[in-house]
DNA sequence: CTATGATGTGGTAGCGCTACCATCTTGCAT
DNA sequence: ATGCAAGATGGTAGCGCTACCACATCATAG
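Protein chains in written order, with this note's numbering: chain W, 1 to 337; chain Y, 1001 to 1337.
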């Protein structure tokens, strides 16, 4: 039998069924991985599917599943690399469990907007919603979600209530690990640049760093405020470098500030890592593109989003913290004295 | 009549019709802005819709439109801020013309992957596809699209063939404008950092800059290679600053390289903008977060994506270049001599 | 006061898929 | 052999929406 292997669209499940000599139902079973199909039948159908390049219509699929199978992704801050990663992870996760992903713009800091975004999602039939930062620490969004009775998975923020699932790395532990790494290399005076105080991760990271410092005799942590921006990192870096006991390493609470601190080191006529090691947190695009590359902590953002989608779909478990990874690049070395 | 204004889902068009005392068809017309509905009827229906918070089921809508109404967005490089903006623009555009946006991961540089991504989109029923960079200059993707008979709008790249619509800013003109700005401030020796040579915008920008230089007696453009990364900008910046005729301004072909050049200025013990002005191109997140903020050229990325979606939906015109905008920040000033 | 259209509105039939139950095969014990 | 469960498959009926055409309704013209 000759099968047109072209781009002709509009192939339906019925077409595949006819070609394979089975009923549409059987094709549906094969496509959905239902166990109760004889091996021979399955193989046959799969072959036809491959030959024809058939892809089931997602819309019809969702519709037939009668309203079930929809999850939402809220987003704020469109021009943010983090979001792009969340999105691709969520998309993949949703696809893998056969869910439709509704993507809904919100607006962090505008309570009314936030509420409406959640309502649109709810009205759109989402059973669950993925909440990336900074929405996950916004009361307006969280309230609206709890009223809507949707399930929710918040990313990179603690679960503010019982019925929320939180997917985040162990910020305390990661900061501890990073600080210990610096201490192990021999650094004793370490500058620390704080993040925004309205995000709980900021304090977690400071606590982790402090804990590591406390374990080592004679080690000190010089803490400077910051707000996660490059500029605040630059200024905090300048202040740190101007101190009488100049730190030999600077740990910034995110990569943007680390990049700023790096610039401050250069501006002070010093060199990284020779004079001052600099480390960040997040492993964003910036960390790898800056020179020298930043030693930092990678959060598996896309993987977290994928898992969030799967949890919402399959009703998974709210297991423990997500594993992070320390990425070593060129911005760290033992102190030169 | 009391209407439950709660979160109860599952309201269908039929429910609204019953409440409003009309037929489902009429509700559909109101929802879709069909002109042929009496004003009184429309108002009534709209009120019920508002009271109930009814939102039509997107899946059913798409399905009923019988395969029509789908466009695709290809994407590569998930962790890219540019993409997030394209996405939000495309989403909005698609929504505004009632289209379903299929989002499909591709992989720049892997021809087989690229081909498959396009095919999935085509198989998924997309009639058109939005192609953001760098896919828009990839032969594999472009070939696959032309075979698939989908319409396509490429973003930030020239139309490689007749049936492609291209949405891009006038790179030549923008670079000319930026260079003229520097010349007008009094700069005469200007460093220029090239972009990757496999993207046509790179050469366009150089040509624009050169053209502006050629108009001014005694002005020179010192061109250094680069590849759009921070690091290449840093190194090109160093080379430029080491030259006998040190430039008083550096024009980098994108913001990443401009940020690198900025670091090189600092590293050389100089200051921006006092000793050396630095400008970029693109107005990415980086441009605003670096300090001093970069004077740069903004491309309306989200707006372009929105327009792309609308063109694919409504079959719009492939009008001229997209308007860009020069953003003045703190990284530029007249030369200090 | 009836033709003649314009203008609203309703009815019907799917879009492509899956849930559910009915039906037909099998394999195996008796 | 025969009976019977378990396994494999098919038929039917929608999911919620919109295209398409038929039918009211109304104004205007003859």
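Glycine included, C-beta positions come from ideal geometry on N, C-alpha and C.
Under 8 Å from the C-beta of residue i: neighbouring residues of chain W
i                       : result
residue 1266 of chain Y : 263, 266, 267
Within chain W, the residues that residue i reaches when beta carbons sit closer than 7 Å
i                       : result
residue 1103 of chain Y : 91
residue 1119 of chain Y : 53
residue 1059 of chain Y : 59, 62, 63, 100
residue 1256 of chain Y : 289
residue 1252 of chain Y : Going along chain W, no residue has its Cβ under 7 Å from residue 1252 of chain Y, so there is no contact; the nearest lies around 13 Å.
Start and end residues, beta strand (DSSP E) containing residue i
i                       : result
residue 1251 of chain Y : 1249-1252
residue 129 of chain W  : 128-131
residue 277 of chain W  : 277-279
residue 1070 of chain Y : 1070-1075
Coarse secondary structure for residue i, derived from DSSP in three states
i                       : result
residue 1185 of chain Y : coil
residue 260 of chain W  : helix
residue 1003 of chain Y : In this prediction, residue 1003 of chain Y scores a pLDDT of 35, lower than 50, which makes its location untrustworthy; the coordinate-derived value is nonetheless stated afterwards. Note: residue 1003 of chain Y maps to coil in three-state DSSP.
residue 13 of chain W   : helix
residue 203 of chain W  : helix
residue 1295 of chain Y : strand
residue 171 of chain W  : helix
residue 148 of chain W  : helix
residue 136 of chain W  : helix
residue 320 of chain W  : coil
residue 1018 of chain Y : helix
residue 1166 of chain Y : strand
residue 269 of chain W  : coil
residue 1334 of chain Y : coil
residue 8 of chain W    : Because the pLDDT of residue 8 of chain W is 44, which lies under 50, any placement of that residue in the model is unreliable, and the number read from its coordinates should be weighed accordingly. Of the three classes helix, strand and coil, the one that applies to residue 8 of chain W here is coil, per DSSP.
residue 216 of chain W  : coil
residue 282 of chain W  : strand
residue 1208 of chain Y : helix
Contact check, residue i vs residue j, beta carbons under 9 Å
i                       : j                       : result
residue 200 of chain W  : residue 228 of chain W  : no
residue 1167 of chain Y : residue 1156 of chain Y : yes
residue 1172 of chain Y : residue 1204 of chain Y : yes
residue 1257 of chain Y : residue 1293 of chain Y : no
residue 220 of chain W  : residue 250 of chain W  : no
residue 176 of chain W  : residue 332 of chain W  : no
residue 1323 of chain Y : residue 1169 of chain Y : yes
residue 58 of chain W   : residue 100 of chain W  : yes
residue 1426 of chain Y : residue 1284 of chain Y : Missing from the structure shown is residue 1426 of chain Y; chain Y here goes from 1001 to 1337 and no further.
residue 1209 of chain Y : residue 1179 of chain Y : yes
residue 107 of chain W  : residue 123 of chain W  : no
residue 1313 of chain Y : residue 1094 of chain Y : yes
residue 119 of chain W  : residue 148 of chain W  : yes
Residue span of the alpha helix (DSSP H) that contains residue i, given as start and end
i                       : result
residue 222 of chain W  : Taken as a continuous stretch (DSSP letters only), residue 222 of chain W belongs to no alpha helix (DSSP H), being part of the beta strand (DSSP E) at 220-224.
residue 1055 of chain Y : Careful: residue 1055 of chain Y lies outside any alpha helix (DSSP H) and carries neither H nor E.
residue 325 of chain W  : Segment 325-327 is the beta strand (DSSP E) holding residue 325 of chain W; no alpha helix (DSSP H) there.
residue 195 of chain W  : Neither: residue 195 of chain W is in no alpha helix (DSSP H) and is coded neither H nor E.
residue 1234 of chain Y : 1230-1241
residue 313 of chain W  : 301-314
residue 24 of chain W   : 24-31
residue 1286 of chain Y : 1285-1289
Neighbouring residues, chain Y, relative to residue i (Cβ below 9 Å)
i                      : result
residue 296 of chain W : Within chain Y, no residue comes near residue 296 of chain W; the closest Cβ sits about 14 Å away, beyond 9 Å.
residue 234 of chain W : 1290, 1291
Contacts of residue i in chain W (Cβ-Cβ under 9 Å)
i                       : result
residue 1260 of chain Y : 289, 290, 291
Residue i beta carbon near the ligand ZN (any heavy atom closer than 8 Å)
i                       : result
residue 1171 of chain Y : Inclusion of the ligand ZN in the displayed structure is not the case, the ligand content being empty and no account of it being possible.
Under 7 Å by beta carbon: chain Y residues contacting residue i
i                      : result
residue 229 of chain W : 1289
Enumerate, from N- to C-terminal direction, the unbroken beta strand (DSSP E) stretches of 3 or more residues contained entirely within the region 88-123 of chain W. The region 88-123 of chain W is shown to contain whole beta strand (DSSP E) runs of 3 or more residues at 100-105, in chain order.
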